[in-house]
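Asker: The working numbering puts the sequence shown at residues -16 to 305.
Ideal Cβ positions, reconstructed from N, Cα and C, are used throughout, including at glycine.
Because the structure is a prediction, the values reported are computed rather than measured.
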Amino acid sequence: MRMIYKALAALTISALATAAQAQQYPDKPIRLVVPFPPGGGTDVVARVIAQKLGEATGWTLVVDNKPGSGGSVGLSLAGKAPADGYTIVLAQNANLVINPILGKANYDPIKDFAPIGLAASAPQVLVVAKDSPLKTVEDLIAAAKAKDGKLTFASPGVGTSSHLAGELLQQLAGVKFRHIPYKGAAQALPDLLGGRVEIYISSVPSAMAQIKEGVLRPIALFATKRDADLPDVPTFDERGIKNSDAVTWWGLAAPAGTPAPIVARLNKELNTILKLPDTQAKLRSAGAEALGGSSEEFGALIKSDVPKWTQVIKAADVKVAD
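(1) Would you mind reading off the limits of the beta strand (DSSP E) that contains Asp47?
(2) Assess, as a yes-or-no matter, whether the segment 160 to 173 is touched by the segment 135 to 146 under the definition of 3 or more beta carbon pairs within less than 8 Å.
(3) My output table needs one value for Ala126: the three-state DSSP class, helix, strand or coil.
(4) Output needed for Val110: all residues of its chain with C-beta closer than 6 Å, excluding positions within five of it in sequence on either side, in chain order.
(5) Select from Ile32, Ala264, Leu274 the residue whose C-alpha is nearest the C-alpha of Asp212.
(6) If you draw a straight line from the alpha carbon of Ala0 to that of Ala206, how long is it in whole angstroms?
(7) Does the segment 85 to 100 come close enough to the segment 9 to 29 to have 3 or more Cβ pairs within less than 8 Å?
(8) Verify the contact flag: Leu213, CB atom, against every heavy atom of the ligand MN, threshold strictly below 7 Å.
(9) If you follow the beta strand (DSSP E) that Val28 is in, where does it begin and where does it stop?
(10) Do Gly57 and Lys49 have their C-beta atoms within less than 8 Å of each other?
(11) Going by DSSP, name the residue or residues bridged to Thr135.
(12) Would you please state the rounded distance, in angstroms, between the beta carbons of Val72 and Ala236? I believe it to be under 8 Å.
(13) With which residues is Gln75 paired in a DSSP beta bridge?
(14) What's the C-alpha gap between Ile13 and Pro116?
(15) Given that a residue counts as buried once 16 or more other Cβ atoms are within 10 Å of its Cβ, and exposed if not, what is Lys133?
(16) Measuring straight from C-alpha to C-alpha, what distance separates Leu44 and Thr135?
(17) Count the other CB atoms within 10 Å of the CB of Lys251; is the residue buried (16 or more) or exposed (fewer)?
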């Protein structure tokens, strides 16, 4: 009985210490790891969040860019940091969920991280050159069937979100494309515009400038709803290809074991700033939509994405070169 009392006392002391720690949190700068170089979409989203959190709370958030291996370097570093709330990471589905499935990461998206909250998302879009004969989803599917696997589909690289959106489309529509991977949009777009490839899948932020200029024509979005900046572009779901959602999302996460009160505090402050019109406008200017929600909802999204993309990757036999 004495041992039980001692154990209960130890648990009580630990709980009180955790609560005290959460009340004092934060008492020093918080490092926000960004697993990509400065200037990219993830970096822009991270800096908006860091700025607005700092303004709203008085906290100091230091953005720390740790690029490499498609985001895996930064995620790995953040996952191994002390679980005290002073290192958090802006994760993306491509690096948090897809990279481990492809064997490009040494962390587990569920076991190694504590989800804080979903921050923003941006859909993928299928585009063609302005003079392409393909104008609708129906044109696309008919051309793919007529060419019997020879319709060329460009992506920014093997295993990217854009590539996997294309594989998902093929599986759902019962067609086959010939995948032509590039090392980013800068290499893919000249070949699309020059007629050397027929379709390209990109995140909306990456393609928006060329769409607005009229150089690229969007066919459809991989999303459950239309994009506010592209109100005339339908979703694949609207055109009868169901469950084709393939958005890019960003969310804050901490190392597994971070005290629940600290995670809850971070989630609360994140949701507060995501409701601010200025935050929403800044994210929209980067092509992203502010989201929010509970840590549990973000965790459920991560858990649902793992089997979804595992199935797509296995069915397409996607392999990334060492």
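Answerer: On the basis of the data shown:
(1) Going by DSSP, Asp47 is part of the beta strand (DSSP E) stretching over 44 to 48.
(2) yes
(3) helix
(4) Tyr183, Ala190, Leu199, Pro201
(5) Ala264
(6) With a pLDDT of only 49 at Ala0, under the threshold of 50, the placement of this residue in the model should not be trusted; the figure read from the coordinates follows. The straight-line gap from Cα to Cα measures roughly 44 Å.
(7) no
(8) For the ligand MN, the structure offers nothing, since it holds no ligand at all.
(9) Taken as a continuous stretch (DSSP letters only), Val28 belongs to no beta strand (DSSP E), being part of the alpha helix (DSSP H) at 24 to 40.
(10) yes
(11) Arg161
(12) 5 Å
(13) In the DSSP output, where bridge partners are listed per residue, Gln75 has Trp233.
(14) Distance from the CA atom of Ile13 to the CA atom of Pro116, rounded to whole angstroms, is 52 Å.
(15) exposed
(16) 44 Å
(17) exposed
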